[in-house]
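Numbering (our numbering), first residue to last: 19 to 478. The C-beta atom is built at its ideal place from N, Cα and C for all residues, glycine as well. Notes for the one structure printed next.
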Amino acid sequence: MTNDAGSAFSSQSPSQSPASILCCIACGAHQETPAQNFRCHKCGDLLEITYPGWKNSPAPATTLKLVWLSRRTSQDAIDQSGVWRFRELLPALRDVEQAITLGEGNTPIYELPACARSAGLRQLYAKHQGMNPTGSFKDTGMTVAASIARQGGFRWVACASTGNTSASMAAYASRAGMHSLVLIPEGQISWGKLSQSLDYGALTCQLRTDFDDCMRILNEVVQRTPVYLLNSVNPYRLEGQKTAAIELLEQFGWQVPDHVIVPGGNLGNSSALGKAFLEMKELGFISKLPKLSIIQAEGANPLVRAVRDRAGKNLVPQSAETLATAIRIGNPASWKKAVHILEATGGAVEQVSEVEIAQSKAEIGADGIGCEPASAVTLAGLKKLVKQGFVQSDESVVLILTGHLLKDPEYTLKFHRGDLFAGTEHEKEAAMLTSHQRAPMVLNATVEAVLKVLTDAERS
Ligand code: F0G
C-alpha cells in the first residue's frame, strides 16, 4: 500500500491528480502531445510542465510535509523513492505503482568543514546527488521520464550524453524492458560512465564529434523514427530533477539556505532546481528563495558569456573544452530557462579555471566526500563569489555535487600523480597544486619500508 495524503493533492489516480500541461516557455502555446524533439509546435522553443490545478487548490503545505515524511517509513518502493515520495508535485502516471524506480533520490547532505575554511565561510554544506543509484543526479529525472516513455508504449529511448545521462538512461531503460540508444562523443567521456552504459545494456555509439553535434544528430534521428528522447529538453526529466530541491528543503527543516550553487552544462539541472524553489514559494512551503548561482568551466562558458556580454538575451554557441568532461558543452539547450532562474532568484553566474576545478575537487575529496570534476566547479565558483562579496562569510550555502568521485578515476589518478596538466598551458599555474597531491607509492614488501614511510609522513 502506498501512503497518500487525504486532500485534493492526495493521490495519483487520474481523477484526483493535479493535471499538468506542457507549455512553451517562449510563446506560451499549450501542447497536448509533445513533438518527438520536445520543441514547441508553433515557435520551436522549449516546453515546460505547469500545473494549472494548483491555482484553485491552495497547497496544503503542512499536510504534504507530514505525508512526505511518513512515506519514509513505508515499505512501498514508490514511497521509498526520493522522487516519487513527492509525487503530488510531479506529473501523474496512469498508475504510479508502475513507475520505474531504483530507489533514486534520498541523497545525503554533508558538512564540508575544511572546504568551508578554504572558501572563507563559517559553514558549508553539500547535497551529494552522486549518491544516486547510477552515481549522478540524472537518476532523479530519469525515473520520471523513463516511466512516461514506458507508459507511452515506446520500445526505444535515446540520448546524447557526456556520460551520466547515458549511464542513467541505460539503467532505467533496462529496468523498464525498453531498448536504449546512446550517442556519446568519442574519447571525451570517462571510462567509468562508458562502462556503465555498456553493462546496463545500451546500444552505445561513440561518434567522432563533440556532445553538441551528438545532440544535433539525435534530434534528427528522433524525427525520423519512433524513439523517445531522454535528454533534458524532455521536460519530464526536469520535473524529476526538481525533487532534489524539495528534498534539500525538507532536510534543512524547511529553512531556506541563502545560496545554492550548481554546475552548468546543458543547463537542465539549474533550471529544474530553480523551478522547484519557485514552485515551493508559490505553494507556501517557503517564504523566500535561495539565490541559485550557476558555475561553468572557463573553456565551456556559453552562459557566462550570454549573461555578461548579451544581458542574457541571446547565446552564441562555442566549441567547448574542459577536463570536466561532463560539462563540456558549448550550445546548452536550456539556457533560456537558466537565465530566467538566475533573474528570478537573484543568483550569479561565474566561471572557473581548470586548475581551480582540480584544486576544489581535491579539497572536496580531502573532506572525506569526493565528487567528479564537473561537481567541483561549485566550490571553485563559491570561492570567487565570496571574494566578490556576493556570498557573505556567515551565510548558509549548499553546493550541489552532481556526480560521484568514482565516475572519473582517471582524472583523480592523473591529478595525484601530478600528470593532469603536464605539457598543457596550465602547467605553470598547476604548480600550486602540489600540496593537495597524494601520489601512491611503490615500496619493497617489507615492514621497514612501510614504517619509514609512516615516520616520514609524521615529520612532514
Ligand atoms: N554535473 C555532472 C556530473 C553532469 O553529468 C552534468 C551534465 C552536469 C553537471 C551539468 O548539468 O547539463 O543539467 O547543466 N551531464 C549531461 C550528461 C550533459 O549527458 O550526462 P546540466
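Pick helix, strand or coil for residue i, following the three-state DSSP scheme.
i: P203; result: strand
i: Y254; result: helix
i: L417; result: strand
i: A117; result: coil
i: A324; result: helix
i: H444; result: coil
i: Q269; result: helix
i: L111; result: coil
i: P281; result: strand
i: Q169; result: helix
i: L307; result: coil
i: E381; result: helix
i: K331; result: coil
i: H197; result: strand
i: L40; result: strand
i: L236; result: helix
i: V367; result: strand
Going by beta carbon distance, what residues of the same chain come within less than 8 Å of residue i, once the five residues before and after it are set aside?
i: C45; result: C58, K60, C61 and D63
i: R140; result: A134, S411 and D412
Kindly indicate which residue of the options has the alpha-carbon position closest to the one of residue i.
i: T15; options: V101, E66, Y69 and E106; result: The displayed coordinates of the chain run from 19 to 478. Any statement about residue 15 would go beyond what the structure contains.
i: Y143; options: F155, Q269 and V101; result: Q269
i: G479; options: A440, R456, A457 and K402; result: This structure cannot speak to residue 479, because the chain is shown only from 19 to 478.
i: T51; options: T222, P253, D474 and N237; result: P253
i: N124; options: T91, V114, A134 and R112; result: T91
i: Q336; options: E316, A342 and K354; result: E316
i: A512; options: P458, A457, R456 and F439; result: With the chain represented from 19 up to 478, any question about residue 512 goes unanswered, as that position is not in the structure.
i: A132; options: A79, S378, E466 and D228; result: S378
i: E265; options: I67, L248, V404 and F295; result: F295
i: Q314; options: G286, K299 and I345; result: I345
Go through its chain and collect everything with a Cβ distance to residue i's Cβ below 7 Å, but skip five positions before and after it.
i: D276; result: P308, K309, E413, S414 and V415
i: K306; result: V274
i: T152; result: A185, S186, A189 and Q214
Going by DSSP, what residues sit across from residue i in a beta bridge?
i: Y218; result: Y218 pairs with nothing; no bridge assigned.
i: R57; result: L64
i: Y128; result: A144
i: Y429; result: Answer is none; Y429 lacks a bridge partner.
i: Y246; result: V175
For residue i, I'd like the list of residues in its chain whose CB is within less than 6 Å of its CB, leaving aside the five on either flank, ordered along the chain.
i: Y218; result: A188, A189 and S192
i: G24; result: Its pLDDT being 37, under 50, G24 is placed unreliably by the model, and the measurement read from it follows with that caveat. Excluding residues within five positions, none has a Cβ falling inside 6 Å.
i: A398; result: V370, E374, I375 and S378
Note to self: Check whether the stretch 280-293 and the stretch 418-426 are in contact - that is, three or more C-beta pairs closer than 8 Å.
What the structure shows: Three or more pairs of CB atoms, one per stretch, sit closer than 8 Å, so the stretch 280-293 contacts the stretch 418-426.
Notebook entry, point to check: Below 8 Å, can you find three or more Cβ-Cβ pairs linking the stretch 441-449 to the stretch 205-221?
Noted result: Contact between the stretch 441-449 and the stretch 205-221 is absent: fewer than 3 CB-CB pairs across the two stretches fall below 8 Å.
Next item on the list: Count the CB pairs spanning the stretch 209-226 and the stretch 425-433 that are closer than 8 Å, and state whether there are at least three.
Entry: At 8 Å Cβ cutoff, the stretches touch.
Margin query: Whether or not the stretch 37-44 and the stretch 231-239 are in contact is what I'm after, with contact meaning three or more pairs of Cβ atoms, one per stretch, closer than 8 Å; do they touch?
Written below: The stretch 231-239 vs the stretch 37-44: no contact.
Check: Any chance the stretch 324-331 sits against the stretch 376-394, with 3 or more Cβ pairs inside 8 Å?
Finding: No, because fewer than three Cβ pairs between the stretch 324-331 and the stretch 376-394 fall closer than 8 Å, the two stretches do not touch.
Check: Quick check: the stretch 333-351 against the stretch 296-303, are there 3 or more CB pairs under 8 Å?
Finding: Judged by pairs of C-beta atoms under 8 Å, the stretch 333-351 does not touch the stretch 296-303, as fewer than three such pairs exist.
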